[in-house]
Amino acid sequence: MKYSSDLVSRLRPSAEAPREPKPQFFNLSRDDDQTRLSQLLDENPHLMVIDRYEQQLKELFILQYPSLYQDKVRLETEFAPYREAHDGGKEPWRAGLWTYLPWRDTLLHLLPDEEFQHVRTARNRNLIPPDEQEKYYHSTVGIAGLSVGNSVALALVLMGGAKRLRLADHDTLELTNLNRIRGSIADLTKPKVSMTAQQIYELDPYANLTLFTDGLTAENIERFFDGPPQLNVVIDEIDNLGMKLRIREEAKKRRIPVVMATDNGDSGLIDIERYDLDPSTKPFHGRLPEEIAARIRAGEKLPLPVVGQTIGEHLVGWEIVEPRMQASLLEIGKTIPTWPQLGGAALLNGVAVAVAVRKILTGQPVTDQRAILSLASVLIPNYDSPERVEARRKQTEAFITQFHGALRRVRGQ
Numbered sequence: 001m002k003y004s005s006d007l008v009s010r011l012r013p014s015a016e017a018p019r020e021p022k023p024q025f026f027n028l029s030r031d032d033d034q035t036r037l038s039q040l041l042d043e044n045p046h047l048m049v050i051d052r053y054e055q056q057l058k059e060l061f062i063l064q065y066p067s068l069y070q071d072k073v074r075l076e077t078e079f080a081p082y083r084e085a086h087d088g089g090k091e092p093w094r095a096g097l098w099t100y101l102p103w104r105d106t107l108l109h110l111l112p113d114e115e116f117q118h119v120r121t122a123r124n125r126n127l128i129p130p131d132e133q134e135k136y137y138h139s140t141v142g143i144a145g146l147s148v149g150n151s152v153a154l155a156l157v158l159m160g161g162a163k164r165l166r167l168a169d170h171d172t173l174e175l176t177n178l179n180r181i182r183g184s185i186a187d188l189t190k191p192k193v194s195m196t197a198q199q200i201y202e203l204d205p206y207a208n209l210t211l212f213t214d215g216l217t218a219e220n221i222e223r224f225f226d227g228p229p230q231l232n233v234v235i236d237e238i239d240n241l242g243m244k245l246r247i248r249e250e251a252k253k254r255r256i257p258v259v260m261a262t263d264n265g266d267s268g269l270i271d272i273e274r275y276d277l278d279p280s281t282k283p284f285h286g287r288l289p290e291e292i293a294a295r296i297r298a299g300e301k302l303p304l305p306v307v308g309q310t311i312g313e314h315l316v317g318w319e320i321v322e323p324r325m326q327a328s329l330l331e332i333g334k335t336i337p338t339w340p341q342l343g344g345a346a347l348l349n350g351v352a353v354a355v356a357v358r359k360i361l362t363g364q365p366v367t368d369q370r371a372i373l374s375l376a377s378v379l380i381p382n383y384d385s386p387e388r389v390e391a392r393r394k395q396t397e398a399f400i401t402q403f404h405g406a407l408r409r410v411r412g413q
């Protein structure tokens with residue numbers, strides 16, 4: 001066809017200019033910001049402008065005078081002088097802040113930070129009282145690993161928590177991630193930290209994010225923990241066993257709690273280590289064999305089968321691994337390349353971690369051990385009956401025998 005060569009040349013990937021995933025703010029009561037914004041608009045003639053400032057201001061007004069919510073006539077009558085007083089006699093376009101999201105080519109007119117948060121988290125009250133909301137928002141949380149960690153980050157921000165977040169992941173988004181990560185096909189090959197940062201900024205443009213695009217390393221882990229300011233909580237969602245141990249050693253030194261979630265089929269598992277309350281707490285609550293810990297500290301790179309056995313047998317426990325997950329682990333390298341994970345479990349774990357972190361940050365009671373989030377136990381009739389429990393115990397024994405046999409074959413190769 002005569003158009004084929006021309007079409008192929010036009011299908012070459014676009015050379016995108018690098019764009020920092022960070023909003024830009026403009027206070028149009030200042031002349032210099034007016035100049036900057038005019039220049040931005042000149043350089044981006046197709047930029048989308050969204051001005052819903054008056055609607056946001058009306059929501060703020062209703063929160064202050066909730067009795068007017070059902071009285072539309074009084075609402076409009078009394079809102080007019082409120083708006084004029086709020087704007088301080090300025091033209092409406094000078095009020096608040098204009099916020100530019102460069103990755104979307106979009107300019108938005110928003111309430112200032114404090115008022116924005118007040119409105120955005122309004123439906124949290126009284127489920128989260130104002131004093132707790134304040135503590136939650138002004139905390140500093142580190143998240144290492146952004147697969148399940150992506151769900152954790154978004155759940156934290158949705159609930160109005162952790163204005164200061166440190167995100168660490170070295171990986172990029174691939175198509176196989178889109179069964180469990182809230183991404184987009186337009187984000188493929190984008191660094192997970194950048195994608196997650198953009199998602200957070202679109203919920204809270206005033207978030208204070210620090211991105212560790214190399215992931216968590218020996219070189220940057222102290223900066224990850226210490227900032228400034230120092231972390232209040234660290235969330236471990238990485239696969240590297242050596243770095244998981246290092247996270248706990250650094251947290252123990254600083255008396256910082258660690259929260260970790262693990263997928264388990266349709267369900268999840270939350271581990272909470274309260275080094276803030278008891279610095280003598282052992283890493284992984286003592287479930288990591290000392291022989292393995294010593295090999296890690298000596299710098300040995302553990303073979304993958306040893307890592308898998310350590311996580312499954314010791315850190316998680318085969319007895320709680322769901323039957324389909326057990327069967328899947330025996331298929332790795334045969335019919336599947338790695339262990340399976342489900343989006344539902346990632347979302348479940350994300351919510352559970354975010355709630356646990358909120359309770360830790362606001363001084364509420366929360367377990368300092370582990371919590372098994374078994375949807376099977378809740379949704380499947382008679383799942384916890386003695387007969388079903390015994391059947392799963394026998395199935396697990398058979399699985400362990402098969403798993404150890406597979407390990408021996410791998411080591412013998």
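Per my numbering, the sequence shown starts with residue 1, numbered consecutively. From the three backbone atoms N, C-alpha and C, an ideal C-beta is built for every residue, glycine too. Remember, predicted model here, so these are calculated numbers, not experimental data.
Under 9 Å, do G149 and I50 count as touching if we go by C-beta distance?
In this structure, I50 does not lie closer than 9 Å to G149 by Cβ.
Can you pull the DSSP bridge partners for R487?
There is simply no residue 487 to check, as the chain begins at 1 and stops at 413 in what is shown.
Euclidean distance between Cα positions of D271 and E114
E114 has its alpha-carbon roughly 33 Å from the corresponding atom of D271.
Given 8 Å, three or more beta-carbon pairs between the stretch 299-319 and the stretch 219-238:
Counting Cβ pairs under 8 Å, fewer than three are found: no touch.
Best match in A144, E273 and E397 for proximity to Q326 [C-alpha to C-alpha]
Nearest neighbour of Q326 by Cα position, chosen from A144, E273 and E397, turns out to be E397.
Where does M260 land, buried or exposed, given buried means 16+ other C-beta within 10 angstroms?
Under this definition M260 is a buried residue.
Which of the three DSSP states is assigned to Y100 in this structure?
In this structure, Y100 counts as strand in the three-state DSSP scheme.
Along the chain, which unbroken stretches of the beta strand (DSSP E) at least 3 residues long are found entirely within the stretch 343-400?
Segments of the beta strand (DSSP E) lying fully in the stretch 343-400: 370-373.
Please return the same chain residues whose Cβ sits closer than 6 Å to the Cβ of L75, not counting the five positions on each side in sequence.
Closer than 6 Å at the Cβ level, and outside the excluded window around L75, lie L68.
With a cut-off of 8 Å on the beta carbons, I'd call D171 and K192 a contact; round off their distance for me.
Contact flag correct, Cβ pair sits at about 5 Å.
With a cut-off of 8 Å on the beta carbons, I'd call I143 and V152 a contact; round off their distance for me.
With a Cβ gap of about 6 Å, I143 and V152 count as contacting.
Burial state of G89 (16 or more Cβ within 10 Å):
So G89 counts as exposed.
Taking I320 as the reference, give the member of E174, N177 and D263 with the closest Cα.
Of the candidates E174, N177 and D263, D263 places its Cα closest to the Cα of I320.
Is it the case that the Cβ atoms of L277 and A371 are separated by a distance below 9 Å?
For the 9 Å CB-CB criterion, L277 and A371 do not form a contact.
Please look up how many angstroms separate the CB atoms of T121 and L167, rounded, as I've assumed it's under 8 Å.
So it is not a contact: roughly 21 Å between Cβ atoms.
Buried versus exposed call for I238 [16 or more other C-beta atoms within 10 Å across all chains shown]:
That one is buried.
Looking only at DSSP bridge pairs, what is V321 linked to?
V321 is not bridged to any residue.
So, is L379 buried or exposed, given that buried needs 16 or more other C-beta atoms within 10 angstroms?
L379 counts as exposed, since fewer than 16 other beta carbons sit within 10 angstroms of its beta carbon.
Going by alpha carbons, who is nearest to G350 out of L154, T338 and S280?
The shortest C-alpha separation from G350 is found at L154.
Quick check on Q24: does DSSP put it in helix, strand or coil?
In the structure shown, the three-state DSSP call for Q24 is strand.
Taking the C-alpha atoms as reference points, what is the distance between G363 and M48?
Roughly 43 Å between the two C-alpha positions.
Using the three-state DSSP reduction, which class does N126 fall into: helix, strand or coil?
Reduced to three states, the DSSP call for N126 is coil.
Should the stretch 84-104 be regarded as contacting the stretch 51-67, the criterion being three or more beta carbon pairs within less than 8 Å?
Counting Cβ pairs under 8 Å, three or more are found: they touch.
Using a Cβ-Cβ cutoff of less than 8 Å, which residues in the same chain neighbour L110 once the five nearest sequence positions on both sides are dropped?
In the same chain as L110, and ignoring 5 residues on each side of it, the C-beta atoms closer than 8 Å to its own belong to Y53, Q56, G96, L97, W98, T99, F116 and P205, in chain order.
According to DSSP, residues forming a beta bridge with N208:
Answer is R164, bridged to N208.
Residue nearest to N232 in terms of C-alpha spacing, selected from L173, H138 and D33:
Looking at the Cα atoms, H138 is the closest of the given residues.
Cβ-based neighbour list, A346, same chain, cut-off 6 Å, excluding 5 preceding and 5 following:
Hits under 6 Å: V148, S151 and R180.
Measuring alpha carbon to alpha carbon, tell me which of R254, K253, G242 and V307 ends up nearest R297.
Nearest option by C-alpha distance: G242.
Using the beta-carbon count (16 or more within 10 Å), is E174 buried or exposed?
For E174, the number of other beta carbons within 10 angstroms of its own is below 16, and it is reported as exposed.
Mind checking which residues open and close the alpha helix (DSSP H) that includes M195?
That run of the alpha helix (DSSP H) goes K192 to L203.
Return the CA-CA distance between L293 and L41, expressed in angstroms with no decimal places.
Per the sequence presented here, residue 293 reads as Ala, with Leu not at that position. Cα-Cα distance, rounded: 57 Å.
Flag this pair as yes or no: are the beta carbons of V258 and R246 separated by less than 9 Å?
No, the pair does not count as a contact, with Cβ atoms beyond the cut-off.
Which residues in the same chain as P130 place their Cβ atom closer than 8 Å to its Cβ, once the five residues preceding and following it in sequence are excluded?
Cβ within range, chain order: n/a, list empty.
Please give the ranges of any alpha helix (DSSP H) in the stretch 227-251, keeping only runs that are unbroken, at least 4 residues long and fully inside the region.
Complete alpha helix (DSSP H) runs here, min 4: none at all.
State the Cα-Cα distance for the pair Q369 and A352, rounded to the nearest angstrom.
Between the alpha carbons of Q369 and A352 lies a gap of roughly 14 Å.
If you reduce the DSSP assignment to three classes, tell me which class N179 lands in.
Correct three-state label for N179: helix.
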